[in-house]
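Chemist:
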Amino acid sequence: MQSFENTFHQFNWNSVQERIYAVGPADVQRSLRKAKKTLEDFLVLLSPAASESLEEMAQLTQQLTQQRFGKTIQLYAPLYLSNECQNICTYCGFSMDNPIKRKTLNAIEIMQEAAALKAMGINHVLLVSGEANKTVGIDYFLKAIKLLRPHFAHISVEVQPLLLEEYEALHRAGAHAVLVYQETYHEEVYKRYHPKGKKSNFAFRLETPDRIGKAGMRKIGLGVLLGLEDWRIDSFFNALHIDYLQRHYWQTKYSVSFPRLRPAEGIIEPNFVMEDRELLQLICAYRIWNPDLEISISTRENEKFRNHIIALGATTMSAASKTNPGGYVVDPQSLEQFETSDERSMEEVRQVIYQAGYEPVMKDWDGCW
Amino acid sequence: MSKLHIADKIFTSRLFLGTGKFGKLTEMTEAVRCSETELVTLALKRVDLHSDSDDLLAGLQIPSVHRLPNTSGARNAEEAVLAAQLAREAMETNWVKLEIHPDPRYLLPDPIETLKATELLAKDGFVVMPYIHADPVLCKRLEDVGTAVVMPLGAPIGSNKGLLTLDFLEIIIEQSQVPVVVDAGIGAPSDAAKAMEIGADAVLVNTAIAVAGDPLAMAIAFKEAVTAGRRAYEAGLAAAHPVAVASSPLTDFLLG
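From first to last, the protein sequence lines are chains X and D.
Residue 302 in my numbering is what sits at position 212 of the first sequence, and the numbering runs on without skipping anything.
Residue 1256 in my numbering is what sits at position 152 of the second sequence, and the numbering runs on without skipping anything.
#1: Counting only runs of 3+ residues fully inside the region 311-350 of chain X, write out the beta strand (DSSP E) ranges in chain order.
#2: Let me know if M1105(D) comes out buried or exposed under the rule of 16 or more other beta-carbons within 10 Å of its beta-carbon.
#3: For the beta strand (DSSP E) containing F1115(D), list its first residue and its last residue.
#4: Roughly how many angstroms lie between the CA atoms of F1126(D) and N96(X), to the nearest whole one?
#5: So, is the C-beta of V1309(D) closer than 8 Å to a C-beta in chain X?
#6: Put S388(X) into one of helix, strand or coil per three-state DSSP.
#7: Secondary structure at L1153(D), three-state DSSP: helix, strand or coil?
#8: How close, in whole Å, do the beta carbons of V270(X) and P251(X) come, if the pair is a contact with beta carbons under 8 Å?
#9: Give, in chain order, every residue of the region 159-188 of chain X whose Cβ lies closer than 9 Å to some Cβ of chain B.
#10: Between L1320(D) and the rest of its own chain, which residues show a CB-CB distance below 8 Å, the 5 nearest in sequence each way excluded?
#11: Have a look at L425(X) and A265(X) and give me their C-alpha separation to the nearest angstrom.
#12: Give the list of continuous alpha helix (DSSP H) stretches no shorter than 4 residues that lie fully inside the region 1229-1278 of chain D.
#13: Taking all protein chains shown into account, decide if D187(X) is buried (16 or more other Cβ within 10 angstroms of its Cβ) or exposed.
#14: Does D454(X) come within less than 8 Å of chain D when only Cβ atoms are used?
#15: So, is T342(X) buried or exposed, given that buried needs 16 or more other C-beta atoms within 10 angstroms?
#16: Looking at H214(X): is its Cβ nearer than 8 Å to the Cβ of A243(X)?
#17: Strictly by DSSP, which residues pair up with Y1337(D)?
#18: Spatial neighbours of E256(X) within its chain, please: CB distance less than 6 Å, with the 5 preceding and 5 following residues excluded, ordered by chain position.
#19: Which residues mark the beginning and the end of the beta strand (DSSP E) in which V218(X) is found?
#20: For chain D, is any of its Cβ atoms less than 8 Å away from the one on Q157(X)?
#21: What residue ranges within the region 188-249 of chain X form continuous alpha helix (DSSP H) runs of no fewer than 4 residues, ordered along the chain?
#22: Listed in chain order, which residues of the region 332-345 of chain X have Cβ atoms closer than 9 Å to some Cβ of chain D?
#23: Among S431(X), P381(X), P168(X), which one has its Cα closest to the Cα of T389(X)?
#24: To be precise: take each residue of the region 1173-1193 of chain D, compare its Cβ to all Cβ atoms of chain X, and keep it if any distance is under 8 Å. Which residues remain?
#25: Would you tell me roughly how many angstroms separate the C-alpha atoms of Q1281(D) and E1247(D), rounded to the nearest one?
#26: Using only the alpha-carbon positions, how far apart do F231(X) and E174(X) sit?
#27: Look at the alpha carbon of P422(X) and the alpha carbon of K236(X), and state the distance between them as a whole number of angstroms.
#28: Quick one: residues in its chain with C-beta nearer than 6 Å to the C-beta of S143(X), no 5 flanking neighbours on either side, listed in chain order?
#29: Taking Cβ-Cβ distances below 7 Å as the criterion, which residues of the region 360-383 of chain X are in contact with chain D?
#30: Within a Cβ cutoff of 8 Å, which residues of the same chain sit near D456(X), ignoring the five residues on either side of it in sequence?
#31: Using DSSP with H/G/I as helix, E/B as strand and the rest coil, what is I1204(D)?
#32: Could you please give the first and the last residue of the uninterrupted alpha helix (DSSP H) stretch that includes M1132(D)?
#33: Rounded to whole angstroms, what is the Cα-Cα separation between S1155(D) and K1149(D)?
#34: So the candidates are V1309(D), I1276(D), R1334(D); which of them puts its Cα closest to the Cα of A1292(D)?
#35: Does chain X have any CB closer than 8 Å to the CB of P1206(D)?
#36: Given this structure, state the Cα-to-Cα distance separating N177(X) from D333(X), to the nearest angstrom.
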């Protein structure tokens, strides 16, 4: 099967690192002035040298985002279906070795949670699970989508990597987007973070977006877990991945998320701490490199950062999120995947978006497709 | 100035507006009023047809303004036809702006699927307004299958690059039996005026107004530019001469 793996292996972690850290101020200015940016420019904009030009990058980011997406922010909320998981991931609250109560929503509970989201005005929903193929596998997801499709305009899915035919089935059932994060592109250390379970297979995960693209899914969401390894290098590889996918699956939209490692029960401390200023640089680098990319900001980020990012490249935000199965009404006390940092209600977030001069968009898709 | 006829409707204003990208719904409504447009497009995917109180629909409830649903988001003819049928049912209009862009980056229209969908929709009684490349042959093919207008692009959507396709637009206008609406890429009032001066029947503007520092003032500027351009066209622009013609050195011999 044609996949990203060949492209990936043409690059080497250490040499990418050397190139990023060798960038100088003149390179940054040259990249910023170019009309069409390439992946090479993205590498330049990730550099420590580029952080000196952050204000200029921010101005450009605002202008490009407004031109492409207008003054709008699309809102969504996650619906956690299950925290059952057969993987050990050293940074995740759902990790199999974490002795927490496991919960998988049944049909009635799914609809209860959905009703709570609808009551908040949510029309775009993201379904999330751990990785437990026997109980929470493709059949379970298809049933959940069938239940939810009449009630939501847009359904995205963030679950374990699936097979091509399973993605095709999801697409036919009405899933519009699939999110899958490589977590880190540092192949040598990947295994240390994912010692047990199917997720420890780096290559299978790396090929997952290819399978999603081949299945004809409308949107693919990528990202790396910020805090595991050096974000500059990991983000270069993530962009390399997007660049490859855009060439091969040209009818698909791409979104990028920025999960910064957050405290959760029983997990490690971030290996690399990423400052707000650095996260902003990363967001700007993506926008300047690729004006069409959707940029999604979750409630992992705090109120202050989220308030300002509305006008600085973001296109999509979650709000009022609960990251535990049943978190909205069914079982609010169950253990969450990570602590959210922005606990404001949907209405409060909408008001903040209005105040920034932006329109909160609750519906930007139609279930008829 | 002459009025514009499309299907059963007559338009005094030759400026059409897109309604995406505005930061505030109230600002969008005001921009629509200031522009004095009589036709606005709105994306079906943005409208909640199940809700009685959709903000976007409500904001465009202006008696003089005709609301034209578009199929933005559709990747092929089948999806576009489905969206058009839904819109007809929910919004009680048989008009549709056909947008089929399988490429989510530059949102460039698919000519093959657009031709297919236009034929299906025209047969089904729709007034079809397809967004297309500035391709003169495609325009004639669309006429053959019953399109109401053609909407060739000046430049990629949202690019504000102006009339990059000028030479092809001139051919389209020269040959067209249906109104020609220049859509996409118009970044400044001068672009709109230019399109009208070369004989376009109308222009459609969105990003240039929605993202302007003052969208209301920009809406007025576009209104005035479209009027000026049309007036100039109807007045008969004096053709520009590439060289001065003071004497007739090549034909003087005929006099002798």
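Using N, Cα and C, we set each Cβ at its ideal position, and we do this for glycine too.
If you're wondering where the values come from, they're calculated on a predicted model, not measured in any experiment.
Modeler: According to the structure shown:
#1: Scanning the region 311-350 of chain X for uninterrupted beta strand (DSSP E) segments of 3 residues or longer gives 343-347, listed from N- to C-terminal end.
#2: Within the second sequence, numbered from 1, the residue matching residue 1105(D) stands at position 1. M1105(D) should be labelled exposed.
#3: For the purposes of this step, residue 1115(D) is identified with residue 11 of the second sequence, where counting begins at 1. 1113-1115 is the extent of the beta strand (DSSP E) around F1115(D).
#4: Translated into the one-based positions of the second sequence, residue 1126(D) becomes position 22. Translated into the one-based positions of the first sequence, residue 96(X) becomes position 6. When rounded, the distance between both Cα atoms is 43 Å.
#5: For this step, residue 1309(D) is matched to residue 205 along the second sequence. Not one chain X Cβ lies under 8 Å of V1309(D).
#6: On the first sequence, residue 388(X) is found 298 positions in, with the first residue counted as 1. Three-state result, S388(X): coil.
#7: As a first step, residue 1153(D) is located in the second sequence; it is residue number 49 there, counting from the start. Coil.
#8: Taking the first residue of the first sequence as position 1, residue 270(X) is located at position 180. Taking the first residue of the first sequence as position 1, residue 251(X) is located at position 161. Indeed, because the Cβ distance is near 6 Å, the residues count as touching under 8 Å.
#9: The structure shown has no chain B; the protein chains it does contain are X and D.
#10: For the purposes of this step, residue 1320(D) is taken as residue 216 along the second sequence, with counting starting at 1. Within its own chain, the residues whose Cβ lies closer than 8 Å to the Cβ of L1320(D), once the five positions on either side in sequence are excluded, are E1131, E1134, A1135, C1138, listed in chain order.
#11: The count along the first sequence starts at 1 and reaches residue 425(X) at position 335. The count along the first sequence starts at 1 and reaches residue 265(X) at position 175. So the alpha carbons of these two residues sit roughly 26 Å apart.
#12: Inside the region 1229-1278 of chain D, DSSP marks whole alpha helix (DSSP H) runs of 4 or more residues at positions 1240-1248, from first to last along the chain.
#13: Mapped onto the first sequence, residue 187(X) falls at position 97. By the 10 Å Cβ count, D187(X) comes out exposed.
#14: Position 364 of the first sequence, counted from the first residue, corresponds to residue 454(X). D454(X) counts as touching chain D.
#15: If you number the first sequence from 1, residue 342(X) lands on position 252. Flag for T342(X) reads buried.
#16: To locate residue 214(X), count along the first sequence from 1; it is residue 124. To locate residue 243(X), count along the first sequence from 1; it is residue 153. Going by C-beta atoms, H214(X) is nearer than 8 Å to A243(X).
#17: For the purposes of this step, residue 1337(D) is identified with residue 233 of the second sequence, where counting begins at 1. The partner list for Y1337(D) (beta bridge, DSSP) is empty, contrary to what the question assumes.
#18: Working through the first sequence from its first residue, we reach residue 256(X) at position 166. Within the same chain, E256(X) has close Cβ partners I228.
#19: The sequence position of residue 218(X) within the first sequence is 128, counting from 1. Residues 214-218.
#20: Mapped onto the first sequence, residue 157(X) falls at position 67. Cβ-Cβ to chain D under 8 Å: yes for Q157(X).
#21: Those alpha helix (DSSP H) runs which fall completely within the region 188-249 of chain X and span 4+ residues are 197-209, 228-238.
#22: Of all residues in the region 332-345 of chain X, Q336, W340, Q341, T342, K343, Y344 have a Cβ within less than 9 Å of some Cβ in chain D.
#23: Working through the first sequence from its first residue, we reach residue 389(X) at position 299. If you compare the alpha carbons of S431(X), P381(X), P168(X) with that of T389(X), the shortest gap goes to S431(X).
#24: Contacts with chain X (Cβ-Cβ distance below 8 Å) from the region 1173-1193 of chain D involve G1177, A1178, R1179, E1183, L1186, A1187, L1190, listed in chain order.
#25: What you label residue 1281(D) is simply residue 177 of the second sequence in a count that begins at 1. What you label residue 1247(D) is simply residue 143 of the second sequence in a count that begins at 1. Straight through space, the alpha carbons of E1247(D) and Q1281(D) are spaced by roughly 7 Å.
#26: As a working mapping, residue 231(X) is identified with position 141 in the first sequence. As a working mapping, residue 174(X) is identified with position 84 in the first sequence. Approximately 14 Å between the Cα atoms of the pair.
#27: On the first sequence, residue 422(X) is found 332 positions in, with the first residue counted as 1. On the first sequence, residue 236(X) is found 146 positions in, with the first residue counted as 1. Between the alpha carbons of P422(X) and K236(X) lies a distance of about 24 Å.
#28: Within the first sequence, residue 143(X) is the residue found at index 53, counting from 1. Excluding positions up to five away in sequence, the list reads V118.
#29: For the region 360-383 of chain X, the set of residues with a beta-carbon nearer than 7 Å to any beta-carbon of chain D comprises D382, in chain order.
#30: Within the first sequence, the letter at position 366 stands for residue 456(X). Spatial neighbours of D456(X) in its own chain (CB-CB distance under 8 Å, excluding positions within 5 residues in sequence) are listed in chain order as A243.
#31: Working through the second sequence from its first residue, we reach residue 1204(D) at position 100. Of the three classes helix, strand and coil, the one that applies to I1204(D) here is coil, per DSSP.
#32: Walking along the second sequence from the start, residue 1132(D) turns up at place 28. Where M1132(D) is concerned, the enclosing alpha helix (DSSP H) stretches over 1129-1139.
#33: Residue mapping note: residue 1155(D) aligns to position 51 of the second sequence, counting from 1. Residue mapping note: residue 1149(D) aligns to position 45 of the second sequence, counting from 1. Going from the Cα of S1155(D) to the Cα of K1149(D) covers about 13 Å.
#34: Numbered from its first residue, the second sequence carries residue 1292(D) at position 188. Nearest option by C-alpha distance: V1309(D).
#35: What you label residue 1206(D) is simply residue 102 of the second sequence in a count that begins at 1. Interface flag for P1206(D) against chain X is set, since a Cβ pair is found closer than 8 Å.
#36: The count along the first sequence starts at 1 and reaches residue 177(X) at position 87. The count along the first sequence starts at 1 and reaches residue 333(X) at position 243. Within the model, the alpha-carbon separation for N177(X) versus D333(X) is close to 29 Å.
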